[in-house]
Amino acid sequence: MAVSIEKLLDLAYSKGASDIHLEVDRPPTLRINGRLKTINTPPLTPDDTLNLMKSITSERCQQELAERGGSDFGFAYGEKARFRVSILKKKGHV
Numbered sequence: 534m535a536v537s538i539e540k541l542l543d544l545a546y547s548k549g550a551s552d553i554h555l556e557v558d559r560p561p562t563l564r565i566n567g568r569l570k571t572i573n574t575p576p577l578t579p580d581d582t583l584n585l586m587k588s589i590t591s592e593r594c595q596q597e598l599a600e601r602g603g604s605d606f607g608f609a610y611g612e613k614a615r616f617r618v619s620i621l622k623k624k625g626h627v
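In our numbering, the protein residues as written are 534 to 627.
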């Protein structure tokens, strides 16, 4: 995997990003002040996006994703921040 979820969350937090976009065959992207900024890393593979998702997603939400094609939940990143997460399947990938 090119990047860890911890590094992505730290970067998003330090840059004041409102969103992190993770998509197969694209590098991670941050939304900062309403504009999308691509992170200088290799494009994510299907395994990368799956592993990133699993690292912060409960079994219940993973089951919901499998059954319904999507899941929404809150995620607390230590004492730093709380994030809203939306996970969707697109063309068979997370």
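Ideal Cβ positions, reconstructed from N, Cα and C, are used throughout, including at glycine.
Specify, as a first and last residue, the run of the beta strand (DSSP E) that residue i falls within.
| i | result |
| --- | --- |
| residue 605 | 603-610 |
| residue 569 | 568-571 |
| residue 619 | 614-621 |
Quick check on the burial criterion: 16 or more other C-beta atoms within 10 angstroms. Buried or exposed for residue i?
| i | result |
| --- | --- |
| residue 558 | exposed |
| residue 569 | exposed |
| residue 550 | buried |
| residue 545 | buried |
Tell whether a beta-carbon distance below 8 Å holds between residue i and residue j.
| i | j | result |
| --- | --- | --- |
| residue 562 | residue 572 | yes |
| residue 553 | residue 589 | no |
| residue 587 | residue 565 | no |
Residues in its own chain within less than 7 Å of residue i by CB, not counting five upstream and five downstream?
| i | result |
| --- | --- |
| residue 576 | 558, 559 and 560 |
| residue 594 | 604 and 606 |
| residue 597 | 604 |
Excluding the 5 residues preceding and the 5 following residue i in the sequence, name in chain order all residues of the same chain whose CB lies nearer than 6 Å to its CB.
| i | result |
| --- | --- |
| residue 609 | 615 |
| residue 621 | 603 |
| residue 505 | The chain is shown only over 534 to 627; residue 505 falls outside these bounds and no answer can be derived. |
| residue 613 | 546 |
List the DSSP bridge partners of residue i.
| i | result |
| --- | --- |
| residue 593 | Answer is none; residue 593 lacks a bridge partner. |
| residue 564 | 552 and 569 |
| residue 577 | 557 |
With a CB to CB cut of under 8 Å and the five nearest residues on each side skipped, what residues in its chain are close to residue i?
| i | result |
| --- | --- |
| residue 592 | none |
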